[in-house]
Structures are given as structure tokens and as C-alpha cells.
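Residue numbers for the sequence shown follow this note's numbering, beginning at 1085 and rising by one.
Read through the structure below, which is laid out as C-alpha cells, and then see the notes.
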Amino acid sequence: MRLSATRRLLAVALVALPLSIQAQGAYPNKPIKLIVPFPPGGNVDLSARILAPELARELGQAVVVENKAGASGTLGLDAVAKSAPDGYTIGIASPVNHLAAPSLYPKLPYDSIKDFTPVGLIASVPMVLVVGPSSPVKSVRELLALARSRNGAMTMASAGSGSGNHIVGELFQVATGVKFVHVPYKGSAPANTDLAGGHVDVHFDQLSSVLPLVQGGKLRSLAVTTAKRSALLPDVPTLAEAGVAKFDASTTLGLVLPGKAAPELATRLNQVLDRVLTLPGVKAQFARLGADVKPGTPAAYAEFIRSEIARTAKIVKDAKITLD
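Dropping the structure here:
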């Protein structure tokens, strides 16, 4: 009788186990889709292709990169939000489609907090404050002095209204109290072309985009936007070192699941992601993009998301930023 009762109790206990825990034991048992919300060739796509084979090796299943570009990255991120929360669709979130989007899109099809389960930060890429080769300024201090003398007439290029370049530029203006005329372009490439030609005065752009132009003498770098210097531009000071106190901004990528994914899935994927990010070969590949890997917990990423959404919302509101 005692044995029979024990078996019955064991059966009840097994049935009572959360389904997510039971499923996790077999996860993954089929390929995982990694959605990249931008076209092939950019930093987000390259980051995904660095991660995918290593994630696959750790998980024992293929991780298939799928580019789903459109609407400044919101189309692909929406596809992640609307996927089954079973761990077989993951996505890369970036500032433009995740952190700034709630302030820029009145009819955003997803909630940047509720519709995603944070897995972890991936990497951050500094932006670089650059001027053209014919610019008279050689430092941030000289730039600010010249801008003040011109009473807000100097121009600041961006990759478009609401882009990461634009938002960092507005943050710089708030931090320094110096105003520039915003000149939006359709992407960073034409902005840098006009900057090199002397048609605009300054531009904030990702390190990976401007590095070959700086090395080739087509642009001059004044500072990086992160709290520490970049190993790829070791002689270029940070904005904080150049006199803009506590300035720290970057393009930061993170891995997300759909909003109703089980916490156990996020924890499992986070552990795998963090192991991958510490691999020397992976760190070296990100370093070539000018990126620093950012292993951490889902909770730390969730807090980063909340704080950056709030910070970006204030910038967008104060600068009255609207999309083109």
C-alpha cells in the first residue's frame, strides 16, 4: 500500500511540474531562427553571423539567420514579438527599433518592454565625432568655441531624423549647451561624403563606418562617445576626456525573445550567449567591428532597456524630433 501511494504522489508531482521546465529539458530539438531586422552587411547582420555558428555549437541545433528589414528595423522586431514564445525565434534589438522607437512611432505595433523577454546584451559600438579634412578644428574644445562664435549656424549631419546618429548629436548639444543646425541624410554614407567635401560641419557616426575614412584621411576624428577609448582609435580621446563631463553613448545590441517566453528559456539562452561572448575568437571578431562584447544577466539587460527608453524619450521630446 505504501509503495502504491508513493507512486501516486510521484505521478501527481510530475504532472504539476511547470510545462516550461519540462519543455526546457528537451530544448532545443529543432533549428532556431535568429531574426536580424536590418539588411545584410551592416553591423547588426555581421554581429548575428558572428554569433550564429557559436550559438549553434553550444545548443546542438542550427541557428539560422533571417534578415527581415524594413521600417527602420521595426518590421523585423515586430516579427519577433509576434512569434511563438517557445524559444525557436530570437531576435537582435538595437537602439533605433527598440529603445527610440516608442518615442518616434505613434503607432508602433509592439510594446518595447511588454512584448519582449530580454536575454542579454551582446555588444556596444562607440560613435565617433568627426569633421572633414578641411575643417579648421582639431579638438572638441576648438569645435565648441567655433560653434559658439557662429551662434548656432554650424551644421550637424545625421543618417536621418530619429537615427542613432541624430539622437547622440542631440545629446551632445544638451551636454554642451551648444546648438547646431540638423541636416538629415538618407543614411550615413551620403552624410560622410558631404562631410568630407565640406558641405556640412560635423557628424556622429559608428566607429565601423568612419574608421576607414579616418584612416584614409577623408575625415578627422575628434572624440569617441563611450566612457573609454576605442582600441581601434587609441589616440582619440573620449568626449569626457575632451571636456564633456560624463558623456557616454553607444550603439548597443541585445538578444530578445518574444514577450511571453518562459524565464527559464531566457536564462538558458543567456548562459549560452555569455559563454559565446567570452570566446577569444568571438571577442576578436567583434573587436574588428569596433565593438565591445557585453556579457551580463537578463535582469541587467531589462534594466538597461527601461533606463535607455526613458533617456531617449526625453531627448526626443526636448529636441522635438520627428521622423522624416
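Ideal Cβ placement from N, Cα and C applies to all residues, glycine included.
The structure presented is a predicted model; accordingly, all values stated were derived computationally and were not measured.
Whole-angstrom distance between residue j and residue i, CA atom to CA atom
i	j	result
G1126	S1292	9 Å
A1237	G1171	51 Å
A1403	G1144	48 Å
S1247	S1272	10 Å
T1309	S1242	15 Å
V1258	P1112	47 Å
K1198	A1185	14 Å
L1159	D1195	13 Å
A1324	A1155	34 Å
K1263	L1341	40 Å
A1383	G1282	45 Å
L1361	L1230	42 Å
I1134	K1312	24 Å
S1167	G1253	35 Å
Reduced DSSP category for residue i - H, G, I as helix; E, B as strand; rest coil
i	result
F1288	strand
L1337	strand
N1113	coil
V1328	coil
S1218	coil
R1376	Note that residue 1376 is Asp in the sequence shown here, rather than Arg. If DSSP states are grouped into helix, strand and coil, D1376 belongs with the strands.
T1322	strand
A1368	helix
L1228	helix
P1268	strand
Cβ neighbours of residue i in the same chain (closer than 6 Å, five flanking residues each side left out)
i	result
G1148	The question names Gly, but residue 1148 is Val in the sequence shown. Only P1115 and K1117 meet the Cβ criterion.
V1392	Per the sequence presented here, residue 1392 reads as Glu, with Val not at that position. Only L1183 meet the Cβ criterion.
A1386	P1202
P1321	A1307
Cβ-based neighbour list, residue i, same chain, cut-off 8 Å, excluding 5 preceding and 5 following
i	result
R1304	V1214, V1215, G1216, P1217, S1219, K1222 and V1298
R1234	none
Candidates the options, of which the one nearest residue i by Cα
i	options	result
K1344	D1129, T1173 and R1141	T1173
F1331	N1276, A1307 and I1197	A1307
T1336	T1351, K1263 and A1177	A1177
I1405	E1138, V1164 and L1188	L1188
Proximity test, Cβ basis, 9 Å: residue i and chain C
i	result
P1364	The structure shown contains no chain C, having only a single protein chain.
7 Å Cβ shell around residue i - same chain, five flanking residues per side excluded
i	result
G1157	P1121, F1122, S1178, V1180 and N1181
K1270	G1244
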